[in-house]
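Residue numbers (the numbering used here): 17 to 487. Remarks on the structure that follows.
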Amino acid sequence: MPKTYDVIIVGSGPAGIFAALELAESGLRILLLEKGRPLEKRSCPAMDRSISCIRCSPCGMVSGWGGAGAFSDGKLTLSAEVGGRLNEYLGVDELNDLIEYVDHVYLKFGGGDRVFGVGEEVEEWRRRAALAGLRLIPIKIRHLGTERCYKVLQAVYQHLSEKVDMRLGVAATRLHTEDARIAGIELSSGEVIEGKYVVVAPGREGADWLLAECRRLGLSLKNNPVDVGVRVEVPSAILEEITSVLYESKMELYSKVFDDRIRTFCMCPHGEVTTELTAGADPVVTVNGHSYADKRTDKTNFALLVSTTFTEPFNEPIAYGRYIARLANILSGGVIVQRLGDLLSGRRSTPERINRGIIEPSLKGATPGDLSFVLPYRYLTGILEMLQAMDNLAPGIYSRHTLLYGVEVKFYSARLELNDRLETEIKNLFAAGDGAGVTRGLIQASASGVIVARSILRDVETAKQVLKATA
C-alpha cells in the first residue's frame, strides 16, 4: 500500500526548504524529496583538483541539500525589483514584507549582519552609472559567503530533520493526478507516494523534468526570456570602489545595435570562477562564480547576460541554452576562456597568450579558445557594448587582459500558469522557485516557498472550519 503524506515537496533548494520550514510546526505529515546528496557529501572533483569538469551525476554543485544556492556565494538581494517575478503575483508592499520575513529567517539560522547597498554613496554611483549610459539598480544585499551559506543550510537541516521526513538521493519522476487534482508522486524506483498537496520546486537544474511533466499533463506555459552570456574576470582593484559600497552592482544596458537587454549578474568580489553541470539526457557544463566571506582572491568576476525573448513558434528556451553551452563543451571539453584583446583581434586565446596577461585565470580547468565560435554575433555585440559602457564607470574593464569565460546560461524554465497562490491548473499542485520560472535568486525563491506553504495552511484551516461547522 502506498505511503501517504499531507504535503510532498520536491526539491531541497531555497523554495523547498522554506516551504518545509513554514509547514514544519503545523502537525501535517510532510515529506521532502531531493535527488542529490546530503550537504556534507556534496563536492566538485573539478574544483578540488583544478581540472576540467568530469560530469558527475548528479552534479554536486547544483544538486543536493540546499540546491544550487548551497555553493553560491550566498547573496541575499533584499529588494522586490530583482530576483524574480513574484511582484506579478503579490503587491509590491506585500512582497517587500515577505522579503523582510525571509531575511530574518536567514539571520535566525546564522546569516551575517552586514548589509551592502545603503547610504549616500549609493545614489552617487547611480548618477555616475547614468553618465556612462547604464542603469544601476540600487539594492540592499546581505552577503553570506559560500562558507557561511553552508553553515546556515546545515543549521536548517538539523532543525527540519526532527520535524519533516526527508529522503535524499531519491528522484521524483512522475506527477500522479486524479480528476484534475494532484494525487501523489512516483519515484525513479517505481514507488508511488500519495499526497494531498504537492509542491514542485526542482530548481533550475530540474527545470527540464518539470517542463516535460507540465507538457504531459497539458498545463499552460509561457516562455521566459533566454539568458546567455559570459563570465568576466578582472583584477579586483578595478571594481573595488563599487563593490566596497554595493557589493554586487546590478547594471543594465539596452544595446544600440539590437536593443537587447544586457545585465550584470552574480558579481563576486575577490572571488573565483567555477563550473556547474546541468543534468539531463545530454549534460552540459556551464560557468558560474563564488565569493567567500573569509577567503579573498585578488580578482572579481561577474556575469554579463543577454536576455532575448523569442516569439512563437519557439517554445524551447532550455533547449536553446543547452545548444549554445554544448557548442562550448564540444570545442573545449568544458569551459572556454579568452582574453578580451584576443576576441577583439579575431584570434583564439592560447595558453601562451593567457600566460602573458596580467590576470591568472581562477578557473584552472578552463580551456583557452575562441568564444566567437560559440556565441551568436548578436550576443557578442551586446556584451562588448556593455563592457565599453562599464569601462566608463570603472576604467580597466575594457582591457585587453580582461578574461571572458563561456558560456554562462541561466536555464529558467518556461513559466507555468499560476494563480496568486502559486497553484497550477491542477488542484493542490503548487510550483515554486527558479525551476517553475517565477524566481531568479535565493531571496525570491525562498519567498515563493513561504507563499505556497501559507496557501496550503489556509486551505487546511478552512477545511477544519468547514468540518467543524457541519459536525
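Just so it is clear, CB atoms sit at the ideal spot from N, CA and C, and this is done for glycine as well.
- Query: Helix or strand or just coil, what does DSSP make of phenylalanine 446?
  - Reply: Here residue 446 refers to the residue found at position 430 of the sequence shown. Strand.
- What do you get for valine 246, buried or exposed, if any count of 16 or more other CB atoms within 10 angstroms of its CB means buried? One-based indexing of the sequence shown puts residue 246 at position 230. Flag for valine 246 reads buried.
- Boundaries (first-last residue) of the beta strand (DSSP E) holding leucine 160: One-based indexing of the sequence shown puts residue 160 at position 144. Per DSSP, leucine 160 belongs to no beta strand (DSSP E) and is neither H nor E.
- Task: Round the Cβ separation of valine 423 and valine 476 to the nearest angstrom and send it over; I've been treating them as touching at under 8 Å.
- Result: By one-based count along the sequence shown, residue 423 stands at place 407. By one-based count along the sequence shown, residue 476 stands at place 460. The pair is not a contact, with the Cβ atoms about 45 Å apart (cut-off 8 Å).
- Item | valine 248, DSSP secondary structure in three states | Taking the first residue of the sequence shown as 1, we reach residue 248 at position 232. Strand.
- Task: Have a look at the DSSP bridge pairing and note the partners of threonine 294.
- Result: On the sequence shown, position 278 is the one that residue 294 refers to. In the DSSP output, where bridge partners are listed per residue, threonine 294 has Val300.
- Task: Would you mind sorting aspartate 450 into buried or exposed? The rule is 16 or more other CB atoms within 10 Å of its CB.
- Result: Position 434 of the sequence shown, counted from the first residue, corresponds to residue 450. So aspartate 450 counts as buried.
- Could you tell me if isoleucine 70 is buried or exposed, where buried requires 16 or more neighbouring beta carbons within 10 angstroms of its beta carbon? Here the question's residue 70 lines up with position 54 in the sequence shown. With fewer than 16 other Cβ atoms within 10 Å, it is exposed.
- Task: Leaving out five residues on either side along the sequence, give the residues of the same chain with a beta carbon under 6 Å from the beta carbon of valine 78.
- Result: On the sequence shown, residue 78 is found 62 positions in, with the first residue counted as 1. Here the set comprises Ala84, Glu221, Glu292.
- Message: Extract the residue ranges of the beta strand (DSSP E) inside the region 93-176, only unbroken runs of 3 or more that lie entirely within it.
- Response: 151-153, 157-159
- Which residues in the same chain have their Cβ closer than 7 Å to the Cβ of serine 464, if we skip the five residues on either side of it in sequence? Counting from one through the sequence shown, the residue named residue 464 turns up at place 448. Here the set comprises Ala31, Leu102, Leu438, Ala448, Gly449, Val454, Thr455.
- Message: Three or more C-beta pairs under 8 Å: does that hold for the region 121-137 against the region 340-354?
- Response: no
- Does the beta-carbon distance from aspartate 386 to arginine 364 come in below 8 Å? Counted from its first residue, the sequence shown places residue 386 at position 370. Counted from its first residue, the sequence shown places residue 364 at position 348. Contact flag set, yes.
- Going by the beta-carbon positions, is the gap between valine 351 and alanine 382 smaller than 8 Å? Indexing the sequence shown from 1 puts residue 351 at position 335. Indexing the sequence shown from 1 puts residue 382 at position 366. In contact: valine 351 and alanine 382 (Cβ atoms closer than 8 Å).
- Item | Residue interval of the alpha helix (DSSP H) (run including lysine 480) | The residue you call residue 480 lines up with position 464 of the sequence shown. Unbroken alpha helix (DSSP H) run through lysine 480: 458-486.
- Minimum length 3: unbroken beta strand (DSSP E) runs contained in the region 319-391: 352-355
- Got a sec, what are the start and stop residues for the beta strand (DSSP E) glycine 211 sits in? Taking the first residue of the sequence shown as 1, we reach residue 211 at position 195. It spans 208-216 - the beta strand (DSSP E) in which glycine 211 sits, taken as one unbroken run.
- Query: To the nearest angstrom, how far is it from the Cα of lysine 91 to the Cα of alanine 319?
  - Reply: Against the sequence shown, residue 91 aligns to sequence position 75. Against the sequence shown, residue 319 aligns to sequence position 303. For lysine 91 and alanine 319, the distance between alpha carbons rounds to 14 Å.
- Same chain, Cβ closer than 7 Å to arginine 277, neighbours up to 5 away in sequence not counted: Looking up residue 277 in the sequence shown gives position 261. Hits under 7 Å: Glu268, Tyr270, Ser323.
- Message: By the DSSP assignment, the alpha helix (DSSP H) with methionine 406 in it spans what residues?
- Response: Here residue 406 corresponds to residue number 390 of the sequence shown, with the count starting at 1. Where methionine 406 is concerned, the enclosing alpha helix (DSSP H) stretches over 393-409.
- Item | Residue interval of the beta strand (DSSP E) (run including glycine 32) | If you number the sequence shown from 1, residue 32 lands on position 16. Unbroken run through glycine 32 is the alpha helix (DSSP H), 30-39; no beta strand (DSSP E).
- Query: Smallest Cα separation from aspartate 407: which of Arg144, Phe326, Asp298?
  - Reply: Along the sequence shown, one-based indexing puts residue 407 at 391. Nearest C-alpha to aspartate 407: Arg144.
- Kindly indicate which three-state DSSP category leucine 274 falls into: helix, strand or coil? As a working mapping, residue 274 is identified with position 258 in the sequence shown. Contrary to the premise, residue 274 reads as phenylalanine rather than leucine in this sequence. Here phenylalanine 274 sits in coil by DSSP.
- Please classify glutamate 433: does DSSP put it in a helix, a strand, or coil? Within the sequence shown, the letter at position 417 stands for residue 433. Coil at glutamate 433, not helix or strand.
- Query: According to the neighbour-count rule (16 or more other Cβ atoms, all chains shown, within 10 Å of its Cβ), is alanine 96 buried or exposed?
  - Reply: As a working note, residue 96 is residue 80 in the sequence shown. Answer is buried; the Cβ neighbour count reaches 16.
- Just reading off the alpha helix (DSSP H) that alanine 187 is part of, what are its end residues? Residue mapping note: residue 187 aligns to position 171 of the sequence shown, counting from 1. From DSSP, alanine 187 is part of no alpha helix (DSSP H); its letter is neither H nor E.
- Candidates Asp195, Ser68, Val131, Ala171: closest to lysine 443 by CA position: The residue you call residue 443 lines up with position 427 of the sequence shown. Closest option to lysine 443, Cα to Cα, is Asp195.
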